[in-house]
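In order, the protein sequences belong to chains A and B. At position 206 of the first sequence (counting the first as 1) the number is 206 in the numbering used here, and the numbers step up by one without a gap. Whatever position you read off the second sequence (first residue = 1), add 320 for the numbering used here.
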Amino acid sequence: MVEALRGHWERWVQQRLPAARVTTLNQRKIFIVPSKTAVGLLMLIALLFLLGINFQNSLVYIICFWLLSLLLLTIFYTWRNLAGLTLTALGVEACFAGEKAVLEVELTRPAHQPKYALELAWEGEDQVQVDLVAAQTLRVKLSHSTSGRGYFKPPRLRIATQFPTGLALAWSYVTFDVRGLVYPAPIEKAFQPSGNAQRENVADGREIAGGSNDFGGIRDYQRGDGSKRIHWAKYAQTGKLYTKTFVDYASNALWLEWDELPMPGIEVRLSHLCRKVLEFHQEQREYGLRIPGTLIEPGKGEAHKARCLQALALFGVQDA
Amino acid sequence: MHKQITYTGMIWLLAAQLVVMLPFVFDLPLWLIPVLLFAAGWRLRVLSGAALQPGNVTKALLIVLGIGGLVLSGLKFPSLDAMATLLLLGFAFKSLEVAQRRDALVVIFIGYFLVALHFLYAQSITAALYGMVSMIVLTGALIGVQQSVAEFSAGQQVRFNLRLSVFMLLQCLPLMLVIFVFAPRLPPLWSLPMPTGQAKMGVSDRMAPGDIEKLSQSDALAFRVTFKGRKPAQHELYWRGMVFNHFDGREWRQFERDIDPQQVQSALLTNYRWQPDALRVQGEPIAYEAVYEKTGQPWLFTLTPAVEVEGDVLRGADYRVMARQDLQAPFLLKAVSYPDSQRDLALAPELRQLALHLPETGDARTRDLAQRLWRETGTEQAYLDKILARFRDQRFEYTLKPPTLGESDTIDAFLFESQRGFCAHYAGSLVFLMRAAGIPARVVVGYQGGEWNAAGDYLAIHQYDAHAWAEVWLAGQGWVRVDPTTMVAPSRTEQGLEAAMQAEGSFLADSVFSVRKIAWLNGIRQQLDTVQYGWRRWVLGYDGAEQAALLKSLLGTFSVQGVALLMGGLLAAIGLLWLVLLGMTPGREREALEHQLYRRFCAALAKRGVLREPGDAPGVFAAQAAEALPAVAGVIREFTQVYEGICYAPSADGQQATRRLKALLGKLR
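In structure tokens:
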């Protein structure tokens, strides 16, 4: 029963308050009820009414009715404190799963209508109280926890006010038609494949041996190898000379390959790739990504990282 | 949600508390003052960081001290005083531990309650205005504790809250008035202990020598009367209150034993019930409305006999009109009296017995005198005349400073020795003489005369108008009013006490600086009194009967639909007013002034036959219009130019431009 009602209410709210990037609160969108404080005041008013009756005292009646009028007038005032307010979603910053997604909202009030003590809140999540008095617009950041990777669609945001007297509660729900990316949570420590340390790097033999940029491995010493390349540490251990090899990749790039990953599980793989992307980005290396359905040519830089992370975030997501 | 209160919110709360508590110090025990100041001072120190919130031990100690003070203060339990004191203590101490919004709301709500509670103690205009101030500050505090982000400086914050509070409360006034006028007025549900701190005022329910003289020194108001139609002459104004039938040799009382008003009520309801048929109504009616000040007593004063009475009153067989409850608030009574009526042409045996009762012994000389005079005269009327003549012709004096008469044989002492007395002496001795001769008689106490207030067209009766006279039952005439004082001091009933006491100079002798003695101040006093009377009459005296009368005058005949329609209409009007005041009317998306002016400009041209197509740009339209109306071509061009200037190249001084537009529009019309 309760569930059915709740579902009905949800549908009604959805219909009444459709998602949009920009929402202006008007009478269709603002709900208003007397607050808990008002219930207290009503009890006081009842008490005063009794006092007025029993002492037949006009002035006590006047106080009683004055407070009642105040209660009613407050409903208008509180309603107006929300009315005309425009909320614009500026966007959601991307984040990693498990971190807080941050929604930035711009509040704009009509001219000559200062707004006080507005409270923006996600149920059980971040909430913030702001005034819009001196400035006509104000930007507010609200964070919301995320669970899985994919898109983060900000849930219904409740904007409420009890100003000026706290006797009425006006509120509205705003659903923003924006979404933010939630990248897979990077795995704590990148999975180290056992056995062949180079396997990942030499994945499809695109290395150009004798390069100078990236450490490729070690091999037996050959004549002509420069003394700078001798692996002295190994020599100290084994007494045999080894030469460090350096490679330049074909495009001077590393490849992150889905198929080469030894570990099971989609999410673990994605987390691992995510960590790798972050590492490579950190090290300013060039890297490419190949996962089923997506191929990203090697590159580097913030935009490239974002592309890769997006691909990881949206892997297998229907609504991509 | 932010539950903490800001610093300015705290200051608001403290100010509200002080404002609310202040007027109570005049009515409640004095030791409350230091307690309240102490609590406020501590709170201030907490706010400024100089002291800590009191701990639990301190709080417990304070509560014990407070209750101790309450017990020691001698307040009766349960009484309104005790309740108010307890509430005030709690109110003061609550401020010590306010930390969260919840606590603050409790404080503010108790504050509202205390404002109302104070009206049980004082209902003057001043008290009402003060109550208004309290409401404003409390509401300011209510707003103050809602604010959690400090946008302004503290000073701005105070001004902002104050303004908002005043605006809101003012906007509430229309609705409050409508509810006040139309909300049902119910009779009291149960009786509550009344404020006890106040002494009873006015004539008391017994009359010992000296009682009325004391009243004569008071210029406090007893009641005010508005006459509808005929105004009686000054000497007709006998405001009859209580009837004293029992004499114990010194004091006159209503009943044999001292009984409280509750018992008087039940006696009136059982033994001495009002019998309309005992009355033969004749003569011209006098219709009036009286508003009695609160006296803490149930006695009312009317012209006798009051035939029709409107109000919550009891009536007795002795033509007394009495309120059902002690007057704790101004009381309105509407009555129609027929002073020329004959009362009790046939006297009921028990009333006759009451009116003949005398103590077994005492005042022997007076009894002898009565016997002797009765033998000389033989008829009731002649006997009465003889006695009155005696008062007139012998050396009796009317004085506010009579000598004391001792504890017994007071009538003898007055009639044969001092011969100096006030109305009570004359009335009492007359009744004694009548009864001693077997003629039913009784003492009546009330007020005589009154002061006309020309500004307000009403009569004000003060305590110094208190008077005692006699009623004598004469066969064929019934009860007849006899005022022996007029024999001694005729001016008392013609011009009032002040004139009667001119020679003696004892009128309000105790109040040297009475404004009554200065003519122009007295004029202002009367004006102020008129305002007070209106307040009493229309605000404080607005009760169920008034409401019914008002509804009747508004709606003709009373009908549920009529009231509902009226109420609905008024409420809708107020709701609409609020919407407009708050700028929330739908569709009132405010158009900028210049666009409004441009629309008016187009309308003005349309009147002259040049219509603007919706698609026409202002410049294009101006060219067409100028061509069509060469006479005003200059105006059209300039208007368009200025308008476009505002729209597309706004300058700093937009106001001047719109003024120019208005001027040009004027020329066009």
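For every residue, glycine included, the Cβ atom is placed at its ideal position computed from N, Cα and C. Since the model is a prediction, treat every value here as computed from it, not as a measurement.
Give the DSSP-derived three-state secondary structure of residue i in the structure shown.
i: T137 of chain A; result: strand
i: P950 of chain B; result: helix
i: T243 of chain A; result: strand
i: S399 of chain B; result: coil
i: M496 of chain B; result: helix
i: F621 of chain B; result: coil
i: R577 of chain B; result: coil
i: M1 of chain A; result: coil
i: I331 of chain B; result: helix
i: D531 of chain B; result: helix
i: N376 of chain B; result: helix
i: D1028 of chain B; result: The structure shown does not extend to residue 1028 of chain B, since chain B spans only 321 to 989, so no value can be given for it.
i: L289 of chain A; result: strand
i: N773 of chain B; result: strand
i: P938 of chain B; result: helix
i: K153 of chain A; result: coil
i: T24 of chain A; result: strand
i: Q324 of chain B; result: strand
Can you tell me which residues form a DSSP beta bridge with residue i?
i: K614 of chain B; result: BP columns for K614 of chain B are empty, so no partner.
i: E791 of chain B; result: B:R762, B:R801
i: R600 of chain B; result: B:Q662
i: G741 of chain B; result: B:Y718
i: A89 of chain A; result: A:V105
i: S444 of chain B; result: Looking at the DSSP assignment, S444 of chain B forms no beta bridge with any residue, so it has no partner.
i: H144 of chain A; result: A:A101
i: V563 of chain B; result: B:V764
i: H782 of chain B; result: B:L541
i: S172 of chain A; result: A:I159
Sort the options by Cα distance to residue i and report the nearest one.
i: V391 of chain B; options: B:K534, B:L352, B:L425; result: B:L352
i: Q595 of chain B; options: B:D664, B:R505, B:M642; result: B:D664
i: P810 of chain B; options: B:L676, B:A540, B:E717; result: B:E717
i: G770 of chain B; options: B:V465, B:L409, B:Y558; result: B:Y558
i: I956 of chain B; options: B:Q976, B:R928, B:I383; result: B:R928
i: L350 of chain B; options: B:H677, B:G386, B:R640; result: B:G386
i: R16 of chain A; options: A:V102, A:Y173, A:I45; result: A:Y173
i: G682 of chain B; options: B:E613, B:K548, B:S728, B:L981; result: B:S728
i: R422 of chain B; options: B:M330, B:V355, B:L372, B:D347; result: B:M330
i: E700 of chain B; options: B:V800, B:P669, B:T805; result: B:V800
i: L270 of chain A; options: A:F176, A:F55, A:W258; result: A:W258
i: W370 of chain A; options: A:E93, A:T86, A:W171, A:P164; result: With chain A running from 1 to 320 in the structure shown, residue 370 of chain A is simply not present.
With respect to 8 Å, is the separation between the Cβ of residue i and the closest non-hydrogen atom of the ligand FMN below this value?
i: H272 of chain A; result: Ligands in the displayed structure: none, and consequently the ligand FMN is not present.
In angstroms with no decimal places, state the Cα-to-Cα distance between residue i and residue j.
i: Q916 of chain B; j: G986 of chain B; result: 14 Å
i: R573 of chain B; j: M527 of chain B; result: 6 Å
i: L875 of chain B; j: V128 of chain A; result: 54 Å
i: Q995 of chain B; j: F344 of chain B; result: Any answer about residue 995 of chain B is impossible in this case: the structure gives chain B only from 321 up to 989.
i: D131 of chain A; j: L870 of chain B; result: 47 Å
i: Y703 of chain B; j: G861 of chain B; result: 46 Å
i: I63 of chain A; j: Q582 of chain B; result: 31 Å
i: N565 of chain B; j: L674 of chain B; result: 6 Å
i: A948 of chain B; j: A977 of chain B; result: 26 Å
i: I456 of chain B; j: L897 of chain B; result: 21 Å
i: A553 of chain B; j: A709 of chain B; result: 24 Å
i: I499 of chain B; j: Q56 of chain A; result: 16 Å
By Cβ distance below 7 Å, which residues in the same chain neighbour residue i in space, the five residues on each side in sequence not counted?
i: I241 of chain A; result: Going by the sequence as given, residue 241 of chain A is Leu instead of Ile. Once the five neighbours on either side are set aside, the close Cβ partners of L241 of chain A are Y221, I230, Y235.
i: A197 of chain A; result: With a pLDDT of only 37 at A197 of chain A, under 50, the local geometry of the prediction cannot be trusted, and no value is derived from it.
i: T37 of chain A; result: G166, L167
By Cβ distance below 8 Å, which residues in the same chain neighbour residue i in space, the five residues on each side in sequence not counted?
i: F413 of chain B; result: A359, K379, L382, I383, G386
i: A435 of chain B; result: With the sequence shown as reference, residue 435 of chain B is identified as Val, and Ala is not the correct amino acid for it. Result list for V435 of chain B: V340, G451, S454, M455, L458, in chain order.
i: W362 of chain B; result: A371, P374, L416
Skipping 5 residues on each side, what residues in its chain have a beta carbon closer than 6 Å to that of residue i?
i: R932 of chain B; result: C922, F941
i: F411 of chain B; result: I430
i: G776 of chain B; result: T850, Y853
i: P618 of chain B; result: P581, M642, A643, D646
i: G517 of chain B; result: Any reading at G517 of chain B must be qualified, since the residue scores a pLDDT of 47, below 50, and its modelled position is unreliable; the value itself is stated next. Cβ neighbours of G517 of chain B beyond the five flanking positions: D347, D401.
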